[in-house]
Amino acid sequence: MKAKFNLSGYKDVEKKKVVVGGMFPVHKRISSSDGNTSRLPVSSGCEGFNFRTFRWTQTMLFAINEINGRTELLPNTDLGYVIYDSCFTISKAVEGTLTYLTGQDEAVPNYRCGSGAPLAALVGAGGSDLSIATARILGLYHFPQVSYSSTCSALENKFQFPTFLRTIPNDKHQSTAIAQLVLRFGWTWVGTIAADDDYGKYAIKDFKEQVEGAGVCISFSEVLPKVTAFSIILQSSFSLCKLKPALLTIVEDTAKIIVVFSSDVDLSPLIQELLQHNARQRAVEGNATMPRAVRGVPDGLCSGRESIAQLGNTYSDVVYKAVYAVANALHNLEHCEDGQGPFVGGSCANISNFEPWQVNLLDGNGEISYVTVGNYNGSAAPEDRMTLRNDSIILLGQCAVRSASRAPGRGSGRESRSAALTASPVPMERSATQPVVLLLNLGTPLVKANDALLSFSLLLSLVVTFLCSIVFLGEPQHWSCMTSQAVACTVWLLILPPHPVENTSAQNIKIILECDEGSVIFICCIFGYDMLLALLA
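What follows is the structure, encoded as structure tokens:
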């Protein structure tokens, strides 16, 4: 990161009102450095052109040009773009992200030296490991990122990746589909290969958990080394040394079925070596079809007059949807009405001068809203597998963004929380009705045997305890912090009373309003008193 950045891509920002960023792995790896130390260091270039991902770039350009030509979507706004090549490498993805944020070709964090149209969002950055690296940086700036191919389930963590969205389901669905395929054919002796990245590690973990529990034995489990700056000639000693463990295992093992979770870029060197060793190609691949991609040629030559709209290229549809997701968010921002906006006082943002975090779709509280729009249950009858909540779905140009996809058969987090809330009033209800029952039956032997005075005292204490939680609804105030168990805590409240504080250390992106208990010693004394009462009772 000390070197000058060396990025290639596309740019059209002149006379544009808003700029959308893009990042695609157009090349397969970074090239080796010449080792010259006599001049200012410059980051490595890229090599190994990838026709498939180049088409993704063309899809984004097509989508932006299409949007600019429409009259019903962003009619008063011309979109520009800045698209960088990530070279399928984390370092290049980070370079592109920092350049996009700072406007400079070197690392200058927390500073933007540039003018012109505001930046709206980043579409990218390719594989899951690339998106994880960029999402950590963009999340610090609350900068929206919409991915088209990053399926790693770790990215659904909104604490680590608060502004990451995607138009593709996560790995849990893919792992489940491959697991069901293995079980459907009755394969019980299976080998596995996973790329040495977050995509491979998480996907193969989910796959193993599902098939091993169903009686499938894993013959071998190999990790595929990442393609880096080694020569395109695969016979080099370096590449062979890294590939040798997996290569020998596949050739010598008796498993006839091999499940692979890897990108085509990382898998192609292994396939080439297997072909040279005359090994049979016995793979159930978890990501992409290989034959022509392995040879590095496109699926037929291009004339330059093809329609991107009719191109059946893998992931082109989700790239297209990602661009439209950003455009629809900008459309809402442009047509916001003062007094009904999502920001403080119902205000709106100016599309000619806005902050990136304002592009996120916000709820009534001014926070990013993640809403459950439906459930999918893979174990149900075909006609009952999908349930949609139409009242929670907003269709903007027939485009939707998934922030996290649920695994088949699992309920949503929103439903789980609702179940807990409906159960919580039960103890309070019992505490309120039992004194009435005791009063009506005060003279019976059963009530006398249970000591009516003690029973009333305990029930009254329970009622007061449950009612205390009501005062903590909303923002903590001085009076609410001093309310609980008041008689027993008089000394505590006079000497070291609790008080509201703003906790900025627990989470780096949030300020938590809470009560400071004042003295831990007094708290322990109160708990000790409660324990004494419990023992006596």
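Counting from 1, one number per residue, gives the positions in the sequence shown under the UniProt record's numbering.
Ideal Cβ placement from N, Cα and C applies to all residues, glycine included.
Just to confirm, is the Cβ distance from residue i to residue j under 8 Å?
i	j	result
I526	E517	no
A93	T134	yes
residue 541	Y141	With the chain represented from 1 up to 537, any question about residue 541 goes unanswered, as that position is not in the structure.
D197	S268	no
A203	F261	yes
residue 547	D338	Any answer about residue 547 is impossible in this case: the structure gives the chain only from 1 up to 537.
A63	Y324	yes
Y100	A322	no
S316	R55	yes
V18	G80	yes
L274	I250	yes
L61	I67	no
T163	V318	no
L248	L270	no
L165	V182	no
Under a Cβ-count criterion, where at least 16 other Cβ atoms within 10 Å of its own Cβ denotes burial, should residue i be classed as buried or exposed?
i	result
C217	exposed
residue 599	Because the chain here runs from 1 to 537, residue 599 falls outside it and cannot be looked at.
E429	With a pLDDT of 45 at E429, under the threshold of 50, the predicted position of this residue should be treated as unreliable, and no value is reported.
K510	exposed
K256	exposed
G213	exposed
K11	exposed
I512	exposed
P382	exposed
T151	buried
K448	exposed
Using alpha carbons as the reference points, say which of the options lies closest to residue i.
i	options	result
D85	M23, E47 and A63	M23
E252	D264, R166 and G191	G191
L458	F354, A534 and V323	A534
V491	D384, G96 and I521	I521
V464	R52, Q485, L274 and C515	Q485
G96	G21, L73, F54 and T167	G21
F5	S44, R29 and K17	S44
P498	Q477, L275 and Q507	Q477
A179	S131, K205, K172 and V211	V211
S461	L446, D530 and E72	D530
With a CB to CB cut of under 8 Å and the five nearest residues on each side skipped, what residues in its chain are close to residue i?
i	result
V359	A120, A121, P144, V326, A329, L330 and L333
H27	C46, E47, G48, F49, N50, D85, C87 and F88
N503	I511, I512, L513 and E514
Near residue i, which residues of its chain fall below 6 Å by C-beta distance, leaving aside the five closest residues on each side in sequence?
i	result
L496	G518 and S519
K15	none
Q160	none
S8	D85
W189	C217, S219 and A255
T53	F24, P25 and V26
S131	A125, S147 and S150
Could you pull out every residue in the same chain whose Cβ sits closer than 7 Å to the Cβ of residue i, ignoring the five residues on either side in sequence?
i	result
P245	E222
S455	L438
Y320	T59 and A63
A452	L438 and L442
D266	A195, L224, K226 and V227
F354	P118 and L333
A506	I512
On the DSSP bridge assignment, give the partners of residue i in chain order.
i	result
H27	F49
G21	V82 and L122
C515	P500
T192	S221 and V259
N350	N353
G9	Y84
V42	K4
Given the structure, does residue i come close to the ligand SAH, in the sense that its CB is under 7 Å from one of the ligand's heavy atoms?
i	result
T444	No copy of the ligand SAH appears in this structure; indeed no ligand is present at all.
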